[in-house]
Structures are given as C-alpha cells and as structure tokens.
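K.L.:
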Amino acid sequence: MLFIVFAEFKSVYLVFFCMFAKIQKNIIMNNSIILKSSLAALFFMGIGFSNAQIREGAKSPKRLTEQKLDPNGIEKCGTLEYEANLKRKFPERLTTEQFEKWLAPLIEKANANKSQNGTVITIPVVVHVIHSGQDVGTAPNITDAQVMSQITVMTNDFRRKINTPGYNTNPVGADTEIQFVLAKVDPNGNPTNGIDRVNLCKDYWANGAPQYGYQNFINDVVKTGTIWDPTKYMNMWSVDFADNGLLGFAQFPSSSGLQGLNANGGLASTDGVVAGYATFGSMDYNDGTFLMQAGYDRGRTMTHEVGHFLGLRHIWGDAACGTDYCADTPTAHEDNYVCNPSIPSCDDPTIFEMVQNYMDYTNDTCMNIYTNDQKTRVRAVMDNSPRRMELKASNTDSPIPLFANDAEIKFDGGCSIGIVNCGEGVLRLLITNRGTSNLTSAVISYSINGGTAQTYNWTGNLTQDKSGVINIPVNGSVASSPVSFSITSVNGAADQRSTNNSTSGNYVKPVAPQYFSTTTVTFKLQRDKYGQETRWNLKNSAGQIVKEGRYNNTQPGQPTPALITQVWTLPQDCYAFTMSDDFGDGMENGYVDLTTSTGQTIFHLENEFVYQTKTFTTRESLGTAEVNKNNKFGVYPNPVNDILNVTGLSGESQFEIYNTVGQLVKKGKVNDSQIRVADLAKGVYVITIQNAKTSESIKFVKK
0 MLFIVFAEFK SVYLVFFCMF AKIQKNIIMN NSIILKSSLA ALFFMGIGFS NAQIREGAKS
60 PKRLTEQKLD PNGIEKCGTL EYEANLKRKF PERLTTEQFE KWLAPLIEKA NANKSQNGTV
120 ITIPVVVHVI HSGQDVGTAP NITDAQVMSQ ITVMTNDFRR KINTPGYNTN PVGADTEIQF
180 VLAKVDPNGN PTNGIDRVNL CKDYWANGAP QYGYQNFIND VVKTGTIWDP TKYMNMWSVD
240 FADNGLLGFA QFPSSSGLQG LNANGGLAST DGVVAGYATF GSMDYNDGTF LMQAGYDRGR
300 TMTHEVGHFL GLRHIWGDAA CGTDYCADTP TAHEDNYVCN PSIPSCDDPT IFEMVQNYMD
360 YTNDTCMNIY TNDQKTRVRA VMDNSPRRME LKASNTDSPI PLFANDAEIK FDGGCSIGIV
420 NCGEGVLRLL ITNRGTSNLT SAVISYSING GTAQTYNWTG NLTQDKSGVI NIPVNGSVAS
480 SPVSFSITSV NGAADQRSTN NSTSGNYVKP VAPQYFSTTT VTFKLQRDKY GQETRWNLKN
540 SAGQIVKEGR YNNTQPGQPT PALITQVWTL PQDCYAFTMS DDFGDGMENG YVDLTTSTGQ
600 TIFHLENEFV YQTKTFTTRE SLGTAEVNKN NKFGVYPNPV NDILNVTGLS GESQFEIYNT
660 VGQLVKKGKV NDSQIRVADL AKGVYVITIQ NAKTSESIKF VKK
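Here numbering that gives the first Met the number 0 is used: the first residue of the sequence shown is 0, the next is one more, and so on.
#1: I believe Ala182 touches Asp396 by the beta-carbon criterion, under 8 Å. Please report the beta-carbon distance rounded to the nearest angstrom.
#2: Identify whether Ser483 lies in helix, strand or coil by the three-state DSSP scheme.
#3: What are the boundary residues of the beta strand (DSSP E) that Glu547 is part of?
#4: According to the neighbour-count rule (16 or more other Cβ atoms, all chains shown, within 10 Å of its Cβ), is Pro252 buried or exposed?
#5: Taking Cβ positions, are Val135 and Ser466 nearer each other than 9 Å?
#6: With which residues is Gln178 paired in a DSSP beta bridge?
#7: Is Gly459 helix, strand or coil by DSSP?
#8: CB-CB under 7 Å to Phe98, same chain, minus the five flanking residues each way: which ones, in chain order?
#9: Excluding the five sequence neighbours on either side, which residues of its own chain have a C-beta within less than 6 Å of the C-beta of Lys613, listed in chain order?
#10: Tell me which residue opens and which closes the beta strand (DSSP E) that Arg675 is part of.
#11: What is the DSSP secondary structure of Val425, reduced to helix, strand or coil?
#12: Mind checking Arg378: buried by the 16 CB within 10 Å criterion, or exposed?
#13: Given a threshold of 16 other Cβ atoms within 10 Å of its Cβ, counted over all protein chains shown, does Arg534 qualify as buried or as exposed?
#14: Give the straight-line distance between the Cα atoms of Arg297 and Lys538, rounded to the nearest whole angstrom.
#15: Taking the C-alpha atoms as reference points, what is the distance between Thr121 and Gln178?
#16: Rounded to the nearest angstrom, what separates Ser444 and Thr519 at their Cα positions?
#17: Under a Cβ-count criterion, where at least 16 other Cβ atoms within 10 Å of its own Cβ denotes burial, should Thr175 be classed as buried or exposed?
#18: Could you say which of Val220, Pro164, Cys325 and Pro636 lies nearest to Glu107 if we only look at CA atoms?
#19: Residues bridged to Ser281 by DSSP?
#20: Let's test the definition: count the other Cβ atoms within 10 Å of the Cβ of Gly556 and tell me whether it reaches 16, buried, or not, exposed.
#21: Got a sec? Which residues, its chain only, sit under 6 Å from Tyr455 by beta carbon, not counting five neighbours each side?
#22: Taking its Cβ as the centre, do 16 or more other Cβ atoms sit within 10 Å of Leu562, making it buried, or is it exposed?
#23: Can you tell me which of Ser393, Asp592 and Ser596 puts its alpha carbon nearest to the alpha carbon of Phe515?
#24: What's the gap between the Cα of Val380 and the Cα of Arg387?
#25: When you compare the CB positions of Asp156 and Met358, do they come within less than 9 Å of one another, or not?
#26: Indicate the three-state DSSP secondary structure (helix, strand or coil) for Ile22 in the structure shown.
#27: Give a yes or no on whether the C-beta atoms belonging to Asn551 and Gln571 are separated by under 9 Å.
#28: What is the DSSP secondary structure of Trp535, counted as helix, strand or coil?
#29: Below 9 Å between beta carbons: does that hold for Asn383 and Leu105?
#30: If I'm right that Leu438 touches Leu461 with Cβ under 8 Å, what's the distance once you round it to whole angstroms?
#31: Taking all protein chains shown into account, do 16 or more other C-beta atoms lie within 10 angstroms of the C-beta of Lys222, making it buried, or fewer, making it exposed?
#32: Whole angstroms is fine: what's the gap from Pro398's alpha carbon to Arg496's?
#33: Over the uninterrupted beta strand (DSSP E) stretch that includes Glu587, give me the two end residues.
#34: DSSP puts Asn234 in a beta bridge; with which residues?
#35: With a threshold of 6 Å on Cβ separation, who are the neighbours of Val171 within its own chain once the five nearest residues in sequence on each side are excluded?
#36: Since Met578 sits in a beta bridge, which residues does DSSP pair it with?
This is the structure:
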C-alpha cells in the first residue's frame, strides 16, 4: 500500500513514499530520498504522519526539489503536490492508503462483473478559458478550435481509436470505453458550446507563491469563481501559468462515507483539471490559430491529468519501483522523460518499462496506451466515487431546441486598469450568438447604479456559437457602482430566448493613468538569481505588449546578474507597466525603476512583491479631470495580512473593495488611515478610495 509522508530535510521539503513488501534500503535519487521499509516501519510512520510546510517569510529559500522537473525545466504534472495541499486544507480527506483500501474491493467487484464491458460512458465537459481581456486567438484566450482539439484527443486516447495517435497494438492496451464531449446545456438551461470564456483581469496565475500555498491562488480565485456543477460537468481550466514550467494538475476523486467530508463542500468547489493554455489542444488539428508549446503540443498533458481525475496513479508509483496498483503496467524505477522502450523493469529485466503509458512523463508523441487494469480502475471510480458517478447520468451533453434569433450577453469583468480610453471607463460585454441565424445586430439596454436606462446599438456578424466583445464607454467621473444589462431586440426582432438576455455585475472605476511630460523612459532592472520567476511587460492603450522581459535562472556559483538598462522612446499614449514575481517573494537585493528624461520616478519596486501594475500616460491633451497627476492615495503593505494602511488622505474618506470578478466584498469609512482586511479571503482585490475631492482605485493582494 502506498502511504505519503512529508518531512523536512536540510531545508528542502521532500516527499517520501513508503511501500510495503519491499526490502529495506535507502535510495538517493534526483536530490530526493525514497525510503523503502517493512510493514512495521510503514505503521510507525503512519502514526507519525505530519503535514508538509510551504516556506513563508522574506527571502526564504526557494523551492529546489519539491517538484519533479524534466530536462527542460518543465514540471509536467503538479497533481501530487496539489493533493498534498488539499490534505493540509482538508485533513479529513482520505490518504492514499485509505483511498486504495476503499477502492480495492470495488475493483475486485468490477473484475468479477465483466458484463458491463461494452457500455460506453460519455462525460460532458466544460472548458473555462481564463484570460484578462485579450481577443480570442491572442494568448491565453485560445480559440474554439484549439479547445475542441483537446476533447478529440482525449476521446481518441481513452477509446484507443484506430487510425489516431491514441491507438496501440499492445496486448494489454485497452479501450476504456470512456469518451468526452463538450456540454450543450449550461447550468441555467441555456444552450452552450461548452466553452466558457472568463475575464479575471489578471495576466497570469503564478504557481506556488508562498503567500497562498501551492496552487491555492488558482483554487480560491479561479476555480471557485467559475466552476460549473461538478456532478453534471467535468470542469477543465485553460490558464496562463507564466514561465514557471508547470504544465497541469488535477484533483483526484474522493470516496464516500468519510465522516466530516461534505461532498458538496470545498472539495467539490475545486474539482477538475487545469492546464497551461499552450498545452491545451493538439497541433494535429491546427487550423493556423493554435498557440502551443513545442514538445507538449499533442494534448497528452490533459490525457494524463484526466487520468488522475479518474483515479490513476503515475506508473512508477511516485517512488523508486513503487506501485500504481495496476498489475499490467510493469514496475518502473522512476519517471521517464525519454521515449526509450528498452528500459528493464524493476521486477523482471526481460520485461520493459511502459514508457508509452499516458501516466508516465515521456513526451506527447511517445504516449499511446492505457491498460486493461487501468481501465478497470477508472471504471470502478466512475461507478462509485462522488461526483464521478453522477457524471454518468448527466444529460448536459444532450442538445436542446435552438431558435433562429438568440443572443446571449455576459458582463466580462470589472477590471480597474485604466489604459483603455486613457482613464475613461469601459463596460465590457461578451455577446454570443446562440441562434441558428447569423447575428448582425442587437439593441442593449443598460443602467449604471440603478439610474436611467441607456441604449447601446451593436452591429456585427456572428455565426452560431461565435462571440464578440462590446466596449461601452463610461465617463471618467462615474464612480464604481453596480451595472445591469438586457437585450431588447436582435436582428431587428424580439429575441426568442429570454433566459440568457440579462447580466449584471459591478463596474470598477479604472485607475486613472498618471501624466508624465516625456516620451523617453529609462528602464532599469537589477534582478536576483531566480530570473525565471521575474516577468514584466508594458502595454499600450490597445492592450498590445510593446515591451517585455523574461529571464532564466542564474546557475549556482555564478555572480548576480548585471544591471539591465534600456531607454524607450514611447509615442504619446496611455501605458500599463506590470511587474511580477511568480514565487511571490520579490527580488533579493534587486529593484526595478522607470524614470522620465528629467529623472522623475514613474515606477519603483523592490523587496517582496507578487504582482504590481502602474498606469501612466504621456498624452499632453489629457486634463486634470481625466488624469490624477499626483496619485493622491497609496496603500501599504502590499501584499497585506491584516491591516491596509492608506496614505494621502484628506478629510473624510470612504472605501469599497471589489474582487477580480467585480463583486463588492467590503465597504465603509476609512478610520485612522487604516482598513482591516483580515476577514477577506486570499486573493487579488481592487480598493476604491474616495473623498470629496477625488477618487482612486488601487490593486492589492491579500495574503
């Protein structure tokens, strides 16, 4: 039986996997210690089980061996670390040993009942494409075709389809009789193509920032805010992981009957699989629009992660010669990155490791097999595990009647960065044609803060299930407030479906860009040795990246990188400069500076930070009513634990705090220049501070 124990060794947190019925022996591999012991030792360690720790604090040591990296520095699968994090958050969640004990008799039952073979299970899928306002086809807002190619690959692989890369001639190769289809009905009973595009106003989602614990940021902000009912849909997320090398991760299934585990609770709100947008899909079906990462561009990241979602383990058992509980996958020494079919297995040198198995770490073009025992395992999970067994009965993949004229609108985020229209606000809507006739016009009624209804006339040409973006300008004097929208007509006639005609949210007044009288900007960056964590970009008012920087780590023993200095000549426009650290601890003894030709500071950042954005403009035509030249307010510390301090206050001031989807989560009066935020969940927020003279919105991170 496999049991997971976490320990701390020489300041590096390692994962120890102990396996019963193996000889006693210590093996040192890949800077990790894998301990094989007897049953007595296993029992002793089981009593002494303790949680792993994710290091926190200023300038803490970096993660060195927590994740398994391939020769290219890629972390192919983050599921094991993710599961450890879930166990810390939900101590009642089953250990691996408990889960296997629960599953074993169910597998025996499935083996005894072969009459079920031939019954194909169809799993409805929703894919949440997470972006920050990019057009479809601009990273990370991948196209429908790229999304659909991933669903095709998963079905080919799980069904072992002939004449596809998912076919094999191995005698133990199996058609799992599980297939996938994009949902056709959304949670409100409206038609959908199974692709849910969501603007969360954040460029990318860093992996493992210590403030949040491993992947908690994605769980707390992305998943819980976008997930569809996991008993009716398999939820998949396509995100931008930044440059940290992670390809994807999944949530293992749960068992039933465990005291204190609410099937509709926290575990249900995060259930599904996540992949980087550049590994979501397959270049085998590229129509010229795909945005993919070479080497990981055949869709096998998701075939692998969905395997975890359905209960499969890595074929090496996450230990040297460990077990994946499938007898027909030869015991592997460790994870494989090279497609070498002649590696002797642990138990018999004449039997080779199954490097072609989807649950190994070889490249996409090497993989092509699930086995009979793996099939039995996933079928047992689908028959018995909460949320998995309900998926079998879901009918969200069944089409509903369609109408000729049917437009859907959705409020597309309340982002606060005011470079669009140079400080003027924008109400951003996503309009989608759910009808069978082309959508060429729509009349939209909208209201700000419950005021007089206004009308916006949209024209375009959208075919069925295609979407377009509507940007409705808002005067810069309008404060953050609730907004509502409804469609009054489409194509010059009444909309034939009323249930998807309305949407609402909270408009967040954008941060007015600060004016600088210059067209020359000097950029200076003194980074630390962990360059892969550092990323920055400069966007213009069209949202285009005009400058950017990404770096590699400095090799051990090498000196600190030299100061980077660049001089930019910028056209008169509005700009947003974003600086981030994927690990969340900033740059040790480093800094970044943006200054004008006269030495005036536009932006300065040092010490700890996660994600900071500064908006500024070089347009002389903007007046003080449109641009706050003095940045009246400031907040610190950022990130913050308990108390947010406010600078620049004058007179009585009010505040409102919004989350990344534009929901008002807190408001009140600023007392003694301090605002208590300890009650907020971890995540990114926008605070709007307003007095009788001015109003300003500032992004901050709650740790």
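Glycine is no exception: its CB is placed at the ideal position from the N, C-alpha and C atoms.
Computed from a predicted model, the values in this text were never measured in an experiment.
P.N.:
To lay it out plainly:
#1: Yes, Ala182 and Asp396 are in contact; Cβ-Cβ is about 6 Å, under 8 Å.
#2: Note: Ser483 maps to strand in three-state DSSP.
#3: Where Glu547 is concerned, the enclosing beta strand (DSSP E) stretches over Ile544 to Arg549.
#4: By the neighbour-count rule (16 or more Cβ atoms within 10 Å), Pro252 is buried.
#5: Yes, the Cβ-Cβ distance between Val135 and Ser466 is below 9 Å.
#6: Assignment of beta-bridge partners to Gln178 by DSSP yields Thr121.
#7: In this structure, DSSP gives Gly459 an extended state, which the three-state scheme calls strand.
#8: Correct list, in chain order: Ser254.
#9: Closer than 6 Å at Cβ, skipping near neighbours: Phe576 and Phe602.
#10: Note, Arg675: beta strand (DSSP E), Gln673 to Arg675.
#11: The three-state reading of DSSP puts Val425 in strand, counting E and B together.
#12: Counting Cβ neighbours within 10 Å, Arg378 comes out buried, since at least 16 surround it.
#13: When all chains shown are included, Arg534 counts as buried.
#14: When rounded, the distance between both Cα atoms is 31 Å.
#15: Cα to Cα, the separation comes out at about 5 Å.
#16: Distance between the alpha carbons of Ser444 and Thr519 is about 43 Å.
#17: It is buried - the Cβ of Thr175 has at least 16 other Cβ atoms within 10 Å.
#18: Nearest of Val220, Pro164, Cys325 and Pro636 to Glu107, Cα basis: Cys325.
#19: In DSSP, Ser281 forms a bridge with Arg297.
#20: With a threshold of 16 other beta carbon atoms within 10 Å, Gly556 falls short and is exposed.
#21: Counting only residues of its own chain and dropping the five nearest sequence neighbours on each side, Tyr455 has a CB closer than 6 Å to the CB of Ile443 and Ile471.
#22: Burial call: exposed.
#23: Nearest of Ser393, Asp592 and Ser596 to Phe515, Cα basis: Ser596.
#24: For Val380 and Arg387, the gap between their C-alpha atoms comes out near 7 Å.
#25: With contacts defined by Cβ atoms closer than 9 Å, Asp156 and Met358 do not form a contacting pair.
#26: Interpretation of Ile22 is limited by its pLDDT of 27, a score under 50 that renders its predicted location unreliable; the figure taken from the coordinates is listed afterwards. In the structure shown, the three-state DSSP call for Ile22 is coil.
#27: With contacts defined as CB atoms closer than 9 Å, Asn551 and Gln571 fail to qualify as a contacting pair.
#28: Trp535: strand per DSSP, three-state reduction.
#29: The answer is yes: Cβ separation under 9 Å.
#30: The Cβ separation is near 4 Å, so the contact holds.
#31: Lys222 is buried by the Cβ-count criterion.
#32: Their backbone Cα atoms lie some 15 Å apart in a straight line.
#33: From DSSP, the beta strand (DSSP E) with Glu587 extends over Met586 to Thr595.
#34: Beta-bridge annotation (DSSP): Asn234 is paired with Val125.
#35: Non-local C-beta neighbours of Val171 in its own chain, meaning closer than 6 Å and more than five positions away in sequence, comprise Asp327, Thr370 and Asn371, ordered along the chain.
#36: Met578 pairs with Trp535 and Gln611.
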